[in-house]
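Down below is the structure, laid out as structure tokens.
Number of protein chains: 2
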Amino acid sequence: MQAFEGFTNAELVSRKQELVNRYEDYKKRNLKLDMSRGKPCTEQLELTNDMYDNVSPFLSEDGTDCRNYGILDGLKETKVLFSELFGVNTDEIFIGGNSSLNLMYDLIAKAYNHGLNGFEKPWSKVEGIKFLCPCPGYDRHFSITELFGISMIIVPMNNDGPDMEMIEELVKNDETIKGMWAIPMYSNPTGISFSDDVVRRLARMETKAKDFTIIWDNAYALHHLYDEQDSILSIIDECKKAGNPDRVYMFGSTSKVTFPGSGIAFMASSKNNIDYMKKLISIQTIGFDKINMLIHTRFLKNADNVKEHMKKHAAIIRPKFEAVNDILEKNLSGKGIASWNKPKGGYFISLDVLDGCAKRTVELSKEAGVTLTSAGATFPKGIDPNDRNIRIAPTYPPLSELKTAIEILSICVELAALEKIL
Amino acid sequence: MQAFEGFTNAELVSRKQELVNRYEDYKKRNLKLDMSRGKPCTEQLELTNDMYDNVSPFLSEDGTDCRNYGILDGLKETKVLFSELFGVNTDEIFIGGNSSLNLMYDLIAKAYNHGLNGFEKPWSKVEGIKFLCPCPGYDRHFSITELFGISMIIVPMNNDGPDMEMIEELVKNDETIKGMWAIPMYSNPTGISFSDDVVRRLARMETKAKDFTIIWDNAYALHHLYDEQDSILSIIDECKKAGNPDRVYMFGSTSKVTFPGSGIAFMASSKNNIDYMKKLISIQTIGFDKINMLIHTRFLKNADNVKEHMKKHAAIIRPKFEAVNDILEKNLSGKGIASWNKPKGGYFISLDVLDGCAKRTVELSKEAGVTLTSAGATFPKGIDPNDRNIRIAPTYPPLSELKTAIEILSICVELAALEKIL
């Protein structure tokens, strides 16, 4: 529908005045509400407070003293846990550090410096390399490719994942397209999960670059909001079946399961790829924090226990997601100026406003004390070609603050649209 | 003196037979003694067992909830602790991860990919770059430079540090020499600490490469064995005074203070350098493990407390260093076939055997069940041009095992020498 279809000009002018009045009232309250980052709230953090109660004895199940040097790729029991959770074999997994982002950065840095498994030519020696960036997407992904001077090609996100026809056409013909970013489950920020067809086509497609690499950021695989859950095919299995076993690296962490910044992260891929990475990583470090792996594994126990733990997270944040939806629905539906998703998991709600109005909406919100993720952040270099997408991160603020913030945001969405139209 | 000066050939033949007999006796015992790596022993690890007893509350001194995202460069109180211990300002320090080796790797990777602070030309775009490697040195340093294809120039270690005349001459004239490795205090493996004169000359020297970088691996700064201690000048201060504030990056960690692999590591440099690195690291990760910083800082408290803690380490490992010296002295002194240092700190004893005999000595030891660091490991690419140096790591084995291992090693040193001479 058209924006404000069926309203007369006079009605819109009067509506605008009404909104300006409400907006000014909010401004006077000197609010400071931050919804810019996908951080768990305090109640979620409390769920993990007991984790450090069972540190001693410091021995892993096979008797390794976790207080000393040794073991590059992670404790056995930690690999078993992640292999259960993510459906990979234990020899296809590497446990490393506290940050999956850092592991992704490192993969690209190693591809750039040394080349990937089986390929002698590092990406730094190839002119004009490119990455596919499904958008809206995750700003920190795009910052990494930008830092390495990799050109970024925007691929639209559909309801079942990235536009596969566009991807297949591009990668078949261009040897300099070396890889793509993907958040396959409850994607940041769209909440979309890739369909089986999309996963299979990514695994099977013909790529001109033999070292084409999919960075499969499975950040929200465990983060369901409801009993009715999305599920995705195992890309690692599909790549094996398609004869492209080395095409994909999967990443994940416990950042939003236990404690962000103090969790454990992993990388999974073909055994060949993991063996190659281990050789390179053995030059970089003697090993990662095994005590943290030990306490995590004791606390999380097994896949079933993790599922129960994640249900507690969901119980805390589900009302926040629903409040955002309810308020947006109440204030913005039927006006033709905004659309948003209603995700079944993940950490974000993606809001599309009237074209050309995202920046202004975020600016208006900021002036009224509501900090949102910058408009454009969900696109490479922070430039949304339609200036349309806004990422809402509802988990961190208390519910009452969140509701106020979304009331204000709704006003700003409509005000920005009216400013444009009138 | 000459090897076996004053002995007749017949005496040496008979001595050799005696040693072979003793060697064969040891072999029959099927020993398995590992002295290859500088690992703390179990008694040392016990000193830190209490560290996890005070995790809750998870708040840093300024009220930051360490369970959530936030803070790229480390907790304030952790920076204060390290700034006390290493004589730098808190804005000259970055706390990151569990491994100083990883931070050093990362510095070189960033110089290689993006260039250093103020220099637009990354090292990857310069042909034939080189690093100075004081030798004997640390194998893992050399592996990093080798991985990045950086040529390594061996610089001899004297009793007061690396040969400064050679270094000054080289760096003044060669723009492709981009940096050097240094372990300035109780060096690995020589145990030498750099003299004030050496530190000042490194800070002041004229370098053709404007981005010449000293990697100051201060791994053993806190690791004294005796009350009478070495001390070194602050290279960061000296570089400031000399007008070369951006020349040096210092590294260290608590790996051999608390728990190897589960400690915290830091990097220190000029504020400008640290600010630049922070910008790059902000692309790589959201932040490092703050809970680990919190418990470390609560456990270690302050510089005085760390000193007391390190005295407990010294009390455990000092008898091991002395046992090695005593046994080598008893078996090898006066024969002209071996020399070794008697360090006042650090983790290693450096043993020089007769030229051309190090590999054979290590091989003989191995066959008798004593695993040493590979001969050559203390030189780039594992090639000791004189095949002379052996690194002894006395801390890990129990004292009785260590004594047996050094008895065997002594036999092997002498046997290898006799094999060569006879």
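So the sequences go chain by chain: G and Z.
For the first sequence, the numbering used here begins at 129 and goes up steadily by one.
For the second sequence, the numbering used here begins at 129 and goes up steadily by one.
Ideal placement from N, C-alpha and C gives every residue a C-beta, glycine not left out.
Quick caveat: nothing in here was measured; it's all calculated off a predicted structure.
Taking a contact to mean a Cβ-Cβ separation below 8 Å, would you say Arg519 (chain G) touches Ser478 (chain G) in this structure?
Reading the first sequence from its first residue, position 391 is the one you call residue 519 (chain G). Reading the first sequence from its first residue, position 350 is the one you call residue 478 (chain G). In contact: Arg519 (chain G) and Ser478 (chain G) (Cβ atoms closer than 8 Å).
Inter-residue spacing [alpha-carbon to alpha-carbon] between Ser188 (chain Z) and Val208 (chain Z)
Translated into the one-based positions of the second sequence, residue 188 (chain Z) becomes position 60. Translated into the one-based positions of the second sequence, residue 208 (chain Z) becomes position 80. In a straight line, the C-alpha of Ser188 (chain Z) is about 13 Å away from that of Val208 (chain Z).
Output the boundary residues of the alpha helix (DSSP H) element that contains Tyr377 (chain G).
If you number the first sequence from 1, residue 377 (chain G) lands on position 249. Run containing Tyr377 (chain G): none in the alpha helix (DSSP H); it sits in the beta strand (DSSP E), Val376 to Ser381.
Should Ser493 (chain G) be labelled buried (16 or more other beta-carbon atoms within 10 Å of its own) or exposed?
Residue 493 (chain G) sits at position 365 when you count from the first residue of the first sequence. It counts as buried.
Glu146 (chain G) burial status per 10 Å Cβ neighbour count (16 or more: buried)
By one-based count along the first sequence, residue 146 (chain G) stands at place 18. By the neighbour-count rule (16 or more Cβ atoms within 10 Å), Glu146 (chain G) is not buried but exposed.
For Ser398 (chain G), count the other beta carbons within 10 Å of its own beta carbon; 16 or more makes it buried, fewer makes it exposed. Which is it?
Taking the first residue of the first sequence as 1, we reach residue 398 (chain G) at position 270. Result: buried.
Nearest chain Z C-beta to Ala420 (chain G) closer than 8 Å, yes or no?
Residue mapping note: residue 420 (chain G) aligns to position 292 of the first sequence, counting from 1. The sequence as given places Asn at residue 420 (chain G); Ala does not occur at that position. Yes, contact with chain Z.
If you follow the alpha helix (DSSP H) that Asp153 (chain G) is part of, which residue opens it and which one closes it?
Translated into the one-based positions of the first sequence, residue 153 (chain G) becomes position 25. Taken as a continuous stretch (DSSP letters only), the alpha helix (DSSP H) holding Asp153 (chain G) covers Asn137 to Lys156.
I'd like to know if Phe387 (chain G) contacts chain Z, where contact means its C-beta is closer than 8 Å to some C-beta of that chain.
Here the question's residue 387 (chain G) lines up with position 259 in the first sequence. Closer than 8 Å to some Cβ of chain Z, the Cβ of Phe387 (chain G) qualifies, so yes.
What distance in whole Å lies between the Cβ atoms of Met395 (chain Z) and Gly224 (chain Z), which are believed to be in contact at a cut-off of 8 Å?
Along the second sequence, one-based indexing puts residue 224 (chain Z) at 96. Along the second sequence, one-based indexing puts residue 395 (chain Z) at 267. 7 Å between Cβ atoms; contact.
With a 10 Å radius around its C-beta and 16 neighbouring C-beta atoms as the bar for buried, classify Ile278 (chain G) as buried or exposed.
The residue you call residue 278 (chain G) lines up with position 150 of the first sequence. Result: buried.
Residue range of the alpha helix (DSSP H) that includes Ser211 (chain G):
Taking the first sequence and counting its residues from 1, the one referred to as residue 211 (chain G) is at position 83. Element bounds for Ser211 (chain G): Lys204 to Phe214.
Please confirm whether Met285 (chain G) and Cys263 (chain G) have their CB atoms less than 8 Å apart.
To locate residue 285 (chain G), count along the first sequence from 1; it is residue 157. To locate residue 263 (chain G), count along the first sequence from 1; it is residue 135. Contact: yes.
Which residue wins for smallest C-alpha separation from Asp162 (chain Z), given the options Z:Lys204, Z:Ser528, Z:Asn230 and Z:Lys156?
Taking the second sequence and counting its residues from 1, one reaches residue 162 (chain Z) at position 34. Cα-wise, what sits closest to Asp162 (chain Z) is Z:Ser528.
CA-CA distance, Ile455 (chain G) and Leu159 (chain G)?
Position 327 of the first sequence, counted from the start, is the residue given in the question as residue 455 (chain G). Position 31 of the first sequence, counted from the start, is the residue given in the question as residue 159 (chain G). Spanning the two alpha carbons is a distance of roughly 18 Å.
Whole-Å CB distance - Leu537 (chain Z) paired with Lys144 (chain Z), under 8 Å assumed:
Position 409 of the second sequence, counted from the first residue, corresponds to residue 537 (chain Z). Position 16 of the second sequence, counted from the first residue, corresponds to residue 144 (chain Z). Not confirmed; about 17 Å, so no contact.
Inspect the beta-carbon positions of Asp358 (chain G) and Met313 (chain G) and report whether they are closer than 8 Å.
On the first sequence, position 230 is the one that residue 358 (chain G) refers to. On the first sequence, position 185 is the one that residue 313 (chain G) refers to. Yes, Cβ-Cβ distance for Asp358 (chain G) and Met313 (chain G) is below 8 Å.
Contact check, Ile414 (chain G) vs Ser227 (chain Z) under 8 Å by CB: the rounded distance?
Locating residue 414 (chain G) in the first sequence gives position 286, counting from the first residue. Locating residue 227 (chain Z) in the second sequence gives position 99, counting from the first residue. Here Ile414 (chain G) really is in contact with Ser227 (chain Z); their C-beta atoms are around 7 Å apart, less than 8 Å.
Can you look up Asp181 (chain G) in the DSSP assignment and give me helix, strand or coil?
As a working note, residue 181 (chain G) is residue 53 in the first sequence. In the structure shown, Asp181 (chain G) sits in a helix (DSSP, three-state: H, G or I).
Going along the segment 425 to 441 of chain G in order, which residues come within less than 9 Å of chain Z, judged by CB to CB distance?
Residues: none.
Check the C-beta distance from His351 (chain G) over to Thr386 (chain G) and give it rounded, since I have them as a contact under 8 Å.
Walking along the first sequence from the start, residue 351 (chain G) turns up at place 223. Walking along the first sequence from the start, residue 386 (chain G) turns up at place 258. Between the beta-carbon of His351 (chain G) and that of Thr386 (chain G) there is about 13 Å, and that puts the pair past the 8 Å contact cut.
Taking Cβ positions, are Lys472 (chain Z) and Leu353 (chain Z) nearer each other than 8 Å?
What you label residue 472 (chain Z) is simply residue 344 of the second sequence in a count that begins at 1. What you label residue 353 (chain Z) is simply residue 225 of the second sequence in a count that begins at 1. Leu353 (chain Z) sits close to Lys472 (chain Z), with the two beta carbons spaced by under 8 Å.
If you reduce the DSSP assignment to three classes, tell me which class Asn466 (chain Z) lands in.
Here the question's residue 466 (chain Z) lines up with position 338 in the second sequence. A quick correction: the sequence has Ala, not Asn, at residue 466 (chain Z). Residue state, collapsed to three classes: strand.
Helix, strand or coil at Arg195 (chain G) according to DSSP, with G and I counted as helix
Stepping through the first sequence from its first residue, residue 195 (chain G) is reached at position 67. Three-state DSSP puts Arg195 (chain G) in coil, outside helix and strand.
Within chain G, the residues that Lys167 (chain Z) reaches when beta carbons sit closer than 9 Å:
Indexing the second sequence from 1 puts residue 167 (chain Z) at position 39. Those within 9 Å of Lys167 (chain Z) in chain G are Asn196, Tyr197 and Gly198.
Taking Ala443 (chain G) as the reference, give the member of G:Lys156, G:Gln172 and G:Asn401 with the closest Cα.
Indexing the first sequence from 1 puts residue 443 (chain G) at position 315. Sorting G:Lys156, G:Gln172 and G:Asn401 by C-alpha distance to the C-alpha of Ala443 (chain G) places G:Gln172 at the top.
Around the C-beta of Glu220 (chain G), are 16 or more other C-beta atoms found within 10 angstroms, so that it is buried, or is it exposed?
Within the first sequence, the letter at position 92 stands for residue 220 (chain G). Here Glu220 (chain G) is buried, its C-beta having at least 16 other C-beta atoms within 10 Å.
Would Val299 (chain Z) be called buried (16 or more neighbouring beta carbons within 10 Å of its own) or exposed?
Counted from its first residue, the second sequence places residue 299 (chain Z) at position 171. That one is buried.
Under the three-state reduction of DSSP, which class applies to Lys258 (chain G): helix, strand or coil?
Along the first sequence, one-based indexing puts residue 258 (chain G) at 130. Reduced to three states, the DSSP call for Lys258 (chain G) is strand.
Starting from the Cα of Gly256 (chain Z), find the closest Cα among Z:Arg157, Z:Phe132, Z:Glu491 and Z:Gly307 and give me that residue.
Residue mapping note: residue 256 (chain Z) aligns to position 128 of the second sequence, counting from 1. Of the candidates Z:Arg157, Z:Phe132, Z:Glu491 and Z:Gly307, the one whose C-alpha sits nearest the C-alpha of Gly256 (chain Z) is Z:Gly307.
Spatial neighbours of Lys531 (chain G) in its chain, beta-carbon cut-off 8 Å, leaving aside the 5 residues before and after:
Within the first sequence, numbered from 1, the residue matching residue 531 (chain G) stands at position 403. Closer than 8 Å at the Cβ level, and outside the excluded window around Lys531 (chain G), lie Ala451 and Ile455.
Give a yes or no on whether the C-beta atoms belonging to Phe276 (chain G) and Ile305 (chain G) are separated by under 8 Å.
One-based indexing of the first sequence puts residue 276 (chain G) at position 148. One-based indexing of the first sequence puts residue 305 (chain G) at position 177. It is not a contact, given that the beta carbons lie outside the stated cut-off.
Return yes when the Cβ of Asp288 (chain G) is within less than 8 Å of the Cβ of Phe322 (chain G), no when it is not.
Working through the first sequence from its first residue, we reach residue 322 (chain G) at position 194. Working through the first sequence from its first residue, we reach residue 288 (chain G) at position 160. Yes. Within cutoff.
So, Pro168 (chain G) versus Thr523 (chain G), is the Cβ gap smaller than 8 Å?
Counting from 1 along the first sequence, the entry for residue 168 (chain G) is found at position 40. Counting from 1 along the first sequence, the entry for residue 523 (chain G) is found at position 395. A contact, by the Cβ cut-off of 8 Å.
Any idea what DSSP makes of Ser390 (chain Z), helix, strand or coil?
Sequence index remark: in the second sequence, residue 390 (chain Z) carries index 262 (1-based). In this structure, Ser390 (chain Z) counts as coil in the three-state DSSP scheme.
Cβ shell of Arg332 (chain G) (< 6 Å), same chain only, five flanking positions each side left out
Residue mapping note: residue 332 (chain G) aligns to position 204 of the first sequence, counting from 1. Excluding positions up to five away in sequence, the list reads Ala370.
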